Amino acid sequence: MLESVPFWMWIAGFLLVLGPLVTVHELGHYLVGRWFGVKADAFSVGFGKELWGRTDRRGTRWKVSAIPLGGYVQFAGDMNPASQPSPEWLALPAHERAQTFQSKPLWQRALIVLAGPVTNLVVAVAIFAAFNFAYGKAVPADPSEESVIAGFTEVSPAREAGFRIGDRIVAIDGEVMESYREVQRTIFVYPNKRIAVTVERAGKRVTIPVTTRSMEISDRFGNVSTIGLIGVEGNPTEPRYEAVGQIEAVTLAVGQSVEIAQLMITGIVQIVTGDRSVKELGGPVKIAKFSGEQLSLGWEQFVTFAALISLNLAFINLLPIPALDGGHLAFYAAEAIRRKPASPRSQEWAFRTGLAFVLALMLFVTINDIASLPIFGG
55 MLESVPFWMW
65 IAGFLLVLGP
75 LVTVHELGHY
85 LVGRWFGVKA
95 DAFSVGFGKE
105 LWGRTDRRGT
115 RWKVSAIPLG
125 GYVQFAGDMN
135 PASQPSPEWL
145 ALPAHERAQT
155 FQSKPLWQRA
165 LIVLAGPVTN
175 LVVAVAIFAA
185 FNFAYGKAVP
195 ADPSEESVIA
205 GFTEVSPARE
215 AGFRIGDRIV
225 AIDGEVMESY
235 REVQRTIFVY
245 PNKRIAVTVE
255 RAGKRVTIPV
265 TTRSMEISDR
275 FGNVSTIGLI
285 GVEGNPTEPR
295 YEAVGQIEAV
305 TLAVGQSVEI
315 AQLMITGIVQ
325 IVTGDRSVKE
335 LGGPVKIAKF
345 SGEQLSLGWE
355 QFVTFAALIS
365 LNLAFINLLP
375 IPALDGGHLA
385 FYAAEAIRRK
395 PASPRSQEWA
405 FRTGLAFVLA
415 LMLFVTINDI
425 ASLPIFGG
């Protein structure tokens, strides 16, 4: 029987995840901007009408606003959405203009923009590192035996391709597999794809091509995902946990973050190429749903989910789409190569186009989210 989560927990989870993560993203911009001498006129937690605020000695208005969906930082002189010099900016007194974002060298502007996504990356790595340090790293009891094929499922592409019981899977598409769980993770993300699996058989290595089959699975909440399978059974054992020091905990966390980012890229490529359904794209409604579900499972699952969302925010913001941080960075890269910036008009049009694309995408994924809810038969 599927578990259901009350709607209030969706809202609570959504606010507890997205609010702080967007706020620390903006805080990253603010801190690096302040480091380079850029004045911030306002830093808001939330959007809309100000509920509470105070102005510090630097002239920054710190405020809490009515809509608690993230926040923003407004730098001095930032008078148009593309952050380009304007007549109003040129009219500022010289000492005020020197404190604005537009007056700073290219490399400083790039670092200020990059600071937001990097802060989200740091948050994710910090969460993973804290768990690694607290619980240690999982080590298979006997990794050499885990990946030995012990049997086949009823529908088994591997058996049809010529795999045998006793074969030990050592690599997939040339990538070395350290454990059975790694074999599973690698195959899961490639439904209906031909892969080359290398096995150790009677002391020799044999590479066998096999096409994975696609299968839909659902979790305890009814969330459906599509995975790849080759129909083999291994000898998985309960892992033991080894304590790690602070440096190793961070190193492991970086590796985990890179692995998750690779999965994100693979998923997006598969959706673009049609290998996965666009129904797997998630927007604000799905984030709220998943947030509530993870919150219902306990703080560890919820904090881990927050780390995944933080990585997603970093990844999305680094996409080279005007209106996102990655779009600004793309223009800065072009400026560094051309030795001159693109014209204000071209940047303004690019920003407007990028904003329209982002809004259209948000509308699409929101409709997609709503259509996937159980009450609509999703």
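For any residue, its number in the working numbering is found by taking its place in the sequence shown, counting from 1, and adding 54. Idealized CB from N, CA, C, for every residue including glycine. Note that the structure is a prediction, hence the values are computed from the model and not measured.
Host alpha helix (DSSP H) of residue i (start-end)
{"i": "V304", "result": "Q300 to T327"}
{"i": "V59", "result": "Note, V59: premise wrong, no alpha helix (DSSP H); not H, not E."}
{"i": "S426", "result": "P398 to S426"}
{"i": "R392", "result": "D379 to R392"}
{"i": "A256", "result": "Neither: A256 is in no alpha helix (DSSP H) and is coded neither H nor E."}
{"i": "E214", "result": "P211 to A215"}
{"i": "R435", "result": "Limits of the chain in this structure are 55 at one end and 432 at the other, which puts residue 435 out of reach."}
Simplified DSSP state of residue i, which is helix, strand or coil
{"i": "L146", "result": "coil"}
{"i": "L372", "result": "coil"}
{"i": "E347", "result": "helix"}
{"i": "S364", "result": "helix"}
{"i": "V357", "result": "helix"}
{"i": "Y126", "result": "strand"}
{"i": "F155", "result": "helix"}
{"i": "K340", "result": "helix"}
{"i": "E229", "result": "strand"}
{"i": "E287", "result": "strand"}
{"i": "G205", "result": "strand"}
{"i": "T261", "result": "strand"}
{"i": "K247", "result": "coil"}
{"i": "R267", "result": "strand"}
{"i": "R274", "result": "coil"}
{"i": "R115", "result": "strand"}
{"i": "F430", "result": "In this predicted model, F430 has a pLDDT of only 49, less than 50, meaning its place in the structure is not dependable enough to derive any value."}
First through last residue of the beta strand (DSSP E) which encompasses residue i
{"i": "L105", "result": "A94 to T109"}
{"i": "P293", "result": "From DSSP, P293 is part of no beta strand (DSSP E); its letter is neither H nor E."}
{"i": "S279", "result": "V278 to L283"}
{"i": "R235", "result": "Looking at the DSSP string, R235 is not in any beta strand (DSSP E); the run it does join, the alpha helix (DSSP H), is Y234 to F242."}
{"i": "I218", "result": "It should be pointed out that residue 218 corresponds to Arg in this sequence rather than to Ile. Element bounds for R218: n/a, residue is neither H nor E."}
Supposed close pair residue i, residue j - CB separation, criterion 8 Å
{"i": "I203", "j": "V286", "result": "5 Å"}
{"i": "R255", "j": "D221", "result": "5 Å"}
{"i": "D423", "j": "V167", "result": "With 8 Å as the limit, D423 and V167 do not qualify as a contact, their Cβ atoms being about 29 Å apart."}
{"i": "V118", "j": "G100", "result": "6 Å"}
{"i": "G337", "j": "T420", "result": "5 Å"}
{"i": "A307", "j": "V179", "result": "5 Å"}
{"i": "I341", "j": "I363", "result": "7 Å"}
{"i": "R259", "j": "V224", "result": "7 Å"}
{"i": "I226", "j": "V253", "result": "At roughly 10 Å, the Cβ-Cβ gap does not stay under 8 Å, so I226 and V253 are not in contact."}
{"i": "F369", "j": "A315", "result": "6 Å"}
{"i": "F97", "j": "Y84", "result": "6 Å"}
{"i": "A148", "j": "L349", "result": "Going by Cβ atoms, the distance from A148 to L349 rounds to 52 Å, so no, they are not a contact pair."}
{"i": "P171", "j": "L415", "result": "With 8 Å as the limit, P171 and L415 do not qualify as a contact, their Cβ atoms being about 18 Å apart."}
{"i": "I271", "j": "I284", "result": "Rounded, the Cβ-Cβ distance is 15 Å, inconsistent with contact."}
{"i": "D95", "j": "F129", "result": "7 Å"}
{"i": "A164", "j": "L383", "result": "6 Å"}
{"i": "Q310", "j": "F182", "result": "5 Å"}
Cβ contact (3+ pairs, closer than 8 Å) linking the stretch 300–310 and the stretch 214–224 | Result no; under three Cβ-Cβ pairs closer than 8 Å.
Does the stretch 398–416 come within contact of the stretch 305–323, defined as at least 3 CB pairs closer than 8 Å?
-> no
Is the stretch 73–84 close to the stretch 115–130, with three or more CB pairs under 8 Å?
-> yes
For the 8 Å Cβ check, are there 3 or more pairs between the stretch 264–280 and the stretch 234–246?
-> With three or more CB-CB distances shorter than 8 Å, the stretch 264–280 counts as touching the stretch 234–246.
Is there contact between the stretch 350–365 and the stretch 393–400, where contact requires at least three CB pairs shorter than 8 Å?
-> no
Decide yes or no for the touch test of the stretch 187–194 against the stretch 288–295: beta carbon pairs closer than 8 Å, at least 3 of them.
-> yes
Should the stretch 155–173 be regarded as contacting the stretch 80–93, the criterion being three or more beta carbon pairs within less than 8 Å?
-> yes
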